[in-house]
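Protein sequence lines, in the order shown, are assigned to chains A and B. Just so we're aligned, residue 197 is where the first sequence starts under our numbering, counting upward by one. Just so we're aligned, residue 197 is where the second sequence starts under our numbering, counting upward by one. We put the beta carbon where it would ideally sit given N, CA and C, even for glycine.
2 protein chains.
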Amino acid sequence: MDTFPLTVGSVTRALPVVRVSPTRSIPLIEMLGDFELTNAVADELAKLIPLETEMLFTVETSGVALGHAVAERLNLPYKVARRHRRSYFKNPLIQEVEGMTLGVHDTLWLDGRHAEQLVGKRVSILADVVVSGSTNASLAKLVERAGGIVLGYYSGFVQGEPTIPVNYVYRLPTQLEGTPV
Amino acid sequence: MDTFPLTVGSVTRALPVVRVSPTRSIPLIEMLGDFELTNAVADELAKLIPLETEMLFTVETSGVALGHAVAERLNLPYKVARRHRRSYFKNPLIQEVEGMTLGVHDTLWLDGRHAEQLVGKRVSILADVVVSGSTNASLAKLVERAGGIVLGYYSGFVQGEPTIPVNYVYRLPTQLEGTPV
């Protein structure tokens, strides 16, 4: 099997299958660069977001276009946590992500200018794909540290068994039969 | 002066003014997280893109939502160069960016799966802000190495004197009077 069929709304894609270990292959979901798939997922994901949401929060890079598309559907502001420091940040919040592998850490950054706008706001955490949930749990910590209230986690796809409760549009397999190309 | 007024289409924003050196302050344009401004810029930028364009090409992160929005307006595919290697890349093209400061380099990555789709295609390079033009010149090199044809450079904003010919919606100042906060 070299592709995996996916249908979301009226959009159909043949996802490439990639080998992630000698014995394991998974379909690769990539919405970046695909505005039709992004919009189809955003249509479905927007329906899951609680009505009381005042702000959406996601992380670069793959979440950006989806964040934009869901934000415009719900007419809500969205914020994007960064994975690297930018020179213009002012009093940024810095949050470690605990990786699956002991000792491996990513870092999330939220410019203080944006953190200020989260104070007292009801925030829905948005993702394109959730695997372990560790990045999204760190996004929630950023919201809370900024003074916002986390309503929940909302993702286009789940591919794994996240440690957080995620509302999602579509579940992708984590093990495919057959041999990838 | 602590903000700089910007109007694009029907959208008005007060851009924060940031100090970039002891004697120089500039307005900070940030479209990431602002779907209304992104869409307003995309409306104008889409008008500048040549009709013969078959594909759009931009770079993460700030170009992603604009790429999505212009792509959907023109019903064109878009591709996104990455600034870091991803584990699932297959035969990626790697392109150095020559920075303004001697010896400082960024690196752009294009997954081989996406590079294949540029072969023989007429490509317009898309940016949110062009300053020196070095990143966009490297995007053009990636297109050519992948076998595509570069039609030109198209940007929401220009803020500086790029070394490449850029078609843009709005020019931002590189030096503001007064004292930033």
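Residue i (DSSP reduced to helix, strand or coil)
i: residue 424 (chain A); result: Missing from the structure shown is residue 424 (chain A); chain A here goes from 197 to 377 and no further.
i: residue 209 (chain B); result: strand
i: residue 331 (chain B); result: helix
i: residue 244 (chain B); result: helix
i: residue 318 (chain A); result: strand
i: residue 372 (chain B); result: coil
i: residue 198 (chain A); result: coil
i: residue 307 (chain A); result: coil
i: residue 340 (chain B); result: helix
i: residue 271 (chain A); result: coil
i: residue 295 (chain B); result: coil
i: residue 224 (chain A); result: coil
i: residue 235 (chain A); result: helix
i: residue 348 (chain B); result: strand
i: residue 413 (chain A); result: This structure cannot speak to residue 413 (chain A), because chain A is shown only from 197 to 377.
Chain B contact for residue i (CB, 9 Å cutoff)
i: residue 274 (chain A); result: yes
i: residue 268 (chain A); result: yes
i: residue 397 (chain A); result: Residue 397 (chain A) cannot be examined here, being either before or after the span of chain A that is shown, 197 to 377.
i: residue 212 (chain A); result: yes
i: residue 309 (chain A); result: yes
i: residue 235 (chain A); result: yes
i: residue 208 (chain A); result: no
Cβ-Cβ distance between residue i and residue j below 9 Å
i: residue 338 (chain A); j: residue 289 (chain A); result: yes
i: residue 292 (chain A); j: residue 301 (chain A); result: yes
i: residue 327 (chain B); j: residue 256 (chain A); result: no
i: residue 365 (chain A); j: residue 244 (chain A); result: yes
i: residue 325 (chain B); j: residue 258 (chain B); result: yes
i: residue 352 (chain A); j: residue 268 (chain A); result: no
i: residue 262 (chain A); j: residue 304 (chain A); result: no
i: residue 207 (chain A); j: residue 242 (chain A); result: no
i: residue 323 (chain A); j: residue 349 (chain A); result: yes
i: residue 287 (chain A); j: residue 308 (chain A); result: yes
i: residue 368 (chain B); j: residue 223 (chain B); result: yes
i: residue 357 (chain A); j: residue 330 (chain A); result: no
Any C-beta of chain A under 9 Å from that of residue i
i: residue 337 (chain B); result: no
i: residue 342 (chain B); result: no
i: residue 261 (chain B); result: yes
i: residue 243 (chain B); result: no
i: residue 256 (chain B); result: yes
i: residue 264 (chain B); result: yes
The region 217-233 of chain B: positions lying closer than 9 Å to chain E by Cβ:
The structure shown contains no chain E; its protein chains are A and B.
Evaluate contact between the region 311-331 of chain B and the region 344-364 of chain B, counting only Cβ atoms and requiring at least three cross-stretch pairs below 8 Å.
Segments in contact, yes.
The region 228-244 of chain A / the region 261-275 of chain B touching (three or more Cβ pairs under 8 Å):
Result yes; three or more Cβ-Cβ pairs closer than 8 Å.
Check whether the region 246-256 of chain B and the region 202-220 of chain A touch, using three or more Cβ-Cβ pairs below 8 Å as the test.
Between the region 246-256 of chain B and the region 202-220 of chain A, the count of C-beta pairs closer than 8 Å stays below three; the two stretches do not touch.
Positions along the region 279-296 of chain B whose CB lies within less than 9 Å of some CB in chain A
Cβ contacts with chain A: 279, 280, 283, 284 and 286.
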